[in-house]
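Chains as they are written, first to last, in this note's numbering: chain A, 1 to 203; chain B, 204 to 330. Built from N, CA and C at the ideal position, the CB exists for glycine as well.
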């Protein structure tokens with residue numbers, strides 16, 4: 001079930017890896033600590049198979065910032081943190097401007113802005129490498145069960161097969177884990193692959 | 204535009220209240236006497252510049268209503284003396300090129316002391 005050639009898969013993984021590197025560097029600047037990246041994973045899944053366990057997303061409840069990108073191809077992007085760590089990250093982001101007891105008031109807006117920065121950092125560098133331009137929707141933040149958040153995106157996309165790109169972000173200071181997940185519908189795949197091929201031909 | 208006693212007016216345009224707060228805090232730490240005005244959208248910014256023409260402006264890109272680069276283009280067409288820093292998470296080259304064409308400074312988010320300093324350096328540099 002893999003219409004991507006080995007070279008296409010390798011190229012897409014590397015482009016995603018570079019985008020994730022840009023995202024990690026933005027996150028590191030925000031939390032003031034080193035952010036470690038796992039090996040990126042790029043794989044096609046049957047939509048009905050996509051769940052938290054398959055994607056190794058630990059943590060039953062997460063804070064998720066979701067943003068849709070559209071252009072030559074469409075993608076749903078998500079930044080996930082385990083729920084309790086999200087608050088610590090908001091506190092880091094806002095520093096001394098907000099007392100710890102007031103952080104909850106800003107959680108929604110701060111996480112939207114954080115997701116906006118991280119997801120755009122990744123997608124922007126990928127778009128530039130592929131020589132295309134993508135528009136992004138405004139970010140939406142929700143807290144809930146990882147499976148529920150994933151299934152919402154998958155059912156909205158309404159596609160039999162989806163390409164999933166994901167990578168783990170580990171913030172050392174908080175011993176916390178975040179995830180960057182992109183889901184592409186199969187209808188977008190052809191356009192994406194055309195751009196990947198063009199990228200390869202320029203190397 | 205008020206120039207007395209080094210008082211400058213800065214318009215911060217961003218749909219994120221958190222980002223506006225952070226920009227405001229870092230700017231006031233360096234320039235406590237500056238007057239800060241905030242707008243939550245490009246459309247609101249266009250109304251404000253007609254009323255209280257600022258010296259400087261920070262402009263987000265992805266906002267409800269007109270996007271920031273378009274708002275900046277309209278502001279600069281009318282008030283070429285305002286120095287505009289495009290402060291955005293959307294770092295695609297197309298946006299950076301657009302900012303350069305407008306004569307605005309492109310600053311990549313996140314909002315930090317360092318990135319705010321980049322905008323301030325641009326505001327205070329003489330053309």
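- Residue 308/B is bridged by DSSP to 288/B.
- The residue among 203/A, 95/A and 77/A with its C-alpha nearest the C-alpha of residue 121/A is 77/A.
- Neighbours of residue 262/B in chain A, taken as residues whose beta carbon is under 7 Å from its own, are absent, since the nearest beta carbon is some 15 Å off.
- In the DSSP annotation of this structure, residue 173/A is not part of any beta strand (DSSP E), being labelled neither H nor E.
- Pairwise C-beta distances place the stretch 139-147 of chain A out of contact with the stretch 27-39 of chain A, as fewer than three of them are shorter than 8 Å.
- Taking residue 316/B as reference, the option from 216/B, 222/B, 212/B and 236/B with the minimal CA-CA separation is 222/B.
- In the displayed model, residue 98/A falls within coil according to three-state DSSP, outside both helix and strand.
- With fewer than 16 other Cβ atoms inside 10 Å of its own Cβ, residue 39/A counts as exposed.
- No Cβ-Cβ contact shorter than 8 Å links residue 24/A with residue 42/A.
- Within chain B, the C-beta atoms nearer than 7 Å to that of residue 136/A come from 265 and 293, in chain order.
- Note that the C-beta distance between residue 8/A and residue 225/B is not below 8 Å.
- Relative to residue 180/A, the option among 114/A, 201/A and 189/A whose CA is nearest is 114/A.
- In the assembly as shown, residue 173/A is an exposed residue. Its beta-carbon has fewer than 16 other beta-carbons within 10 Å.
- Under the three-state reduction of DSSP output, residue 162/A falls in the strand class.
- Cβ proximity to chain A below 8 Å picks out 218, 219, 220, 221, 222, 224, 225 and 228 from the stretch 212-234 of chain B.
- In the three-state scheme derived from DSSP, where H, G and I count as helix and E and B as strand, residue 224/B is classed as helix.
- Taking 8 Å as the cut-off, the beta carbon of residue 15/A is found closer than this to the beta carbon of residue 126/A.
- At a beta-carbon threshold of 8 Å, the residues of chain A lying near residue 315/B are 29 and 30, ordered along the chain.
- At a beta-carbon threshold of 7 Å, the residues of chain A lying near residue 296/B are 128, ordered along the chain.
- Close to residue 308/B, with beta-carbon spacing below 8 Å, lies no residue of chain A; the smallest spacing is near 18 Å.
- A Cβ-Cβ contact shorter than 8 Å links residue 72/A with residue 132/A.
- For residue 25/A, the closest Cβ of chain B is not nearer than 8 Å.
- Per DSSP, the continuous beta strand (DSSP E) segment holding residue 213/B begins and ends at 212-216.
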